Amino acid sequence: MADINLQAIHDEMVLVAYEAGRTILSANPADIGTGTKLNSVDIVTEVDQAVEKMVSSRLKAAYPDFSFMGEETYKPGTKIGPEPTFIVDPIDGTTNFVHSFPNACISLGLALHRKPVIGIIYNPYQDLLFTAIKSHGAYMTRIKGSAPQKLPLAASPRPLAGLSNALVAVEWGSSRDGPNYDLKTDVFKKLAATRETGGAMVHSLRSLGSAALNIAAVAAGQMDAYWEGGCWAWDVCAGWCILEEAGGIMVSGNPGEWNPAVDERVYLAVRGAPAGQRELVEEFWGVIGDRKMDYSV
Ligand code: LIP
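Numbered by the numbering used here, the letters in the sequence shown go through residues 2 to 298 in order.
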């Protein structure tokens with residue numbers, strides 16, 4: 002286990018991601034069975050389940066000693082251990098998928114000692130692949146077979162110049178009441194509001210509908226930050242590796258924690274920049290104040 006070949010695992014994960022992409026594209030969302038989990042906006046489809054089955058059987062066959070955690074087969078309370086663990090969301094952006102909104106992906110991560118070391122994100126609608134291996138950089142491939150572009154896309158990324166110059170990704174998530182929801186919506190409002198009224202007046206807010214694609218956009222330098230509470234390790238593991246390899250940082254979405262766990266459930270991703278990363282995090286945490294999102298129950 003000590004000398005695992007990350008490049009070979011990465012290459013297999015890319016093949017698996019492309020196969021998942023073909024399954025996602027071949028499904029007609031109007032004809033597939035859908036169900037719900039926690040509530041009416043926490044959606045699962047037959048395609049999510051079929052893709053996870055294919056992914057888990059391929060990865061388990063190739064790497065029988067590794068652990069596997071997938072969104073659709075997750076058993077509440079399961080912990081991620083130090084052993085190599087595939088952390089997989091078969092379709093991240095399921096709501097987009099069921100609405101035929103072409104922004105969904107497969108998110109395939111590998112964690113080692115609970116840290117993301119490989120990240121593969123593939124949006125088949127745009128034939129857009131994001132990949133990274135720990136200490137080997139992050140890449141984006143626009144069309145299968147074309148030359149990968151190194152991330153971030155800008156050769157000299159601009160310094161971060163505070164929230165008032167930032168494009169920020171946020172998500173509504175599937176919990177739509179209670180203290181977490183109140184905090185989130187209050188922060189959304191404060192991020193957008195004018196400085197005169199106590200807000201940060203960010204350039205704007207975006208919701209791509211997929212944590213993985215939000216993080217990939219931050220890694221690419223197309224957005225400055227992404228903040229969410231309530232998502233899971235399978236939503237962020239792959240993107241996290243890609244983000245770090247592109248010079249970005251992942252900190253807690255709750256103020257004060259610079260080194261969150263992969264299953265922290267509250268995250269703030271900030272793009273790579275020659276200056277201003279820590280300042281942006283601290284300014285963001287200042288908008289949240291002394292409150293915290295809590296997903297422990
Ligand atoms: C989605 C996440 C998104 C979150 C949604 C949902 P899914 O994952 O990517 O960030 O806001 O509630 O969890 O369900 O499409 O795999």
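Cβ coordinates follow ideal geometry from the N, Cα and C atoms, glycine included. Every value quoted in this text rests on a predicted model; they were computed, and no experiment measured them.
Of the candidates E84, Y123, A105 and A194, the residue whose Cα lies closest to the Cα of A18 is Y123. As summarised for the stretch 17-58, the continuous beta strand (DSSP E) elements at least 3 residues long and confined to that stretch are 35-37 and 44-46, given in chain order. The alpha carbon of R143 has as its nearest neighbour, out of L129, L152, A156 and H137, the alpha carbon of L129.
When the alpha-carbon of I10 is set against those of R23, P85 and G78, the nearest one is in P85.
A contact is defined here as three or more CB-CB pairs under 8 Å, and the stretch 41-61 meets this definition with respect to the stretch 83-100. For S101, the shortest separation between its Cβ and any heavy atom of ligand 1 does not lie below 7 Å.
According to the DSSP assignment, G120 belongs to the beta strand (DSSP E) that extends over K116 to N124. Note on geometry: alpha-carbon atoms of L154 and A221 lie some 5 Å from one another.
Counting of Cβ neighbours within 10 angstroms places S253 among the buried residues, the total reaching 16 or more. In the DSSP assignment, T74 falls outside any alpha helix (DSSP H) and carries neither an H nor an E. Ligand 1 approaches D236 closely enough that one of its heavy atoms is under 7 Å from the residue's Cβ. Of the residues assessed, E245 falls on the buried side of the cut-off, its CB having 16 or more other CB atoms within 10 angstroms.
Collapsing the DSSP output to three states places R279 in a helix. In the three-state scheme derived from DSSP, where H, G and I count as helix and E and B as strand, S165 is classed as helix.
DSSP lists A170 as the beta-bridge partner residues of R207. Per DSSP, the beta bridge partners of E229 are Y268. A straight-line Cα-Cα distance of about 19 Å links E20 and P149.
With respect to L214, N104 sits close: the two C-beta atoms are nearer than 8 Å. Across the structure, I81 and R115 are spaced so that their CA atoms are roughly 7 Å apart. Judged by DSSP secondary structure, V188 falls within the alpha helix (DSSP H) whose first and last residues are G179 to A193. Rounded to whole angstroms, the separation of the alpha carbons of F189 and I88 is 29 Å. By the Cβ test, the stretch 194-207 is not in contact with the stretch 25-34, since fewer than three Cβ pairs between them sit closer than 8 Å. In the three-state reduction of the DSSP assignment, M251 falls in the strand class. The DSSP-derived three-state label of I144 is coil. Under the three-state reduction of DSSP output, K61 falls in the helix class.
Looking at the DSSP output, D4 bridges to nothing. In the three-state DSSP reduction, I81 falls in the coil class, being neither helix nor strand. Each residue's CA atom was taken as its position, placing L60 and G22 some 16 Å apart.
Per the C-alpha coordinates, the member of S57, Y75, E73 and F69 positioned closest to P83 is F69. Residue environment: K76 is assigned as exposed (fewer than 16 neighbouring CB atoms within 10 Å of its CB, all protein chains considered).
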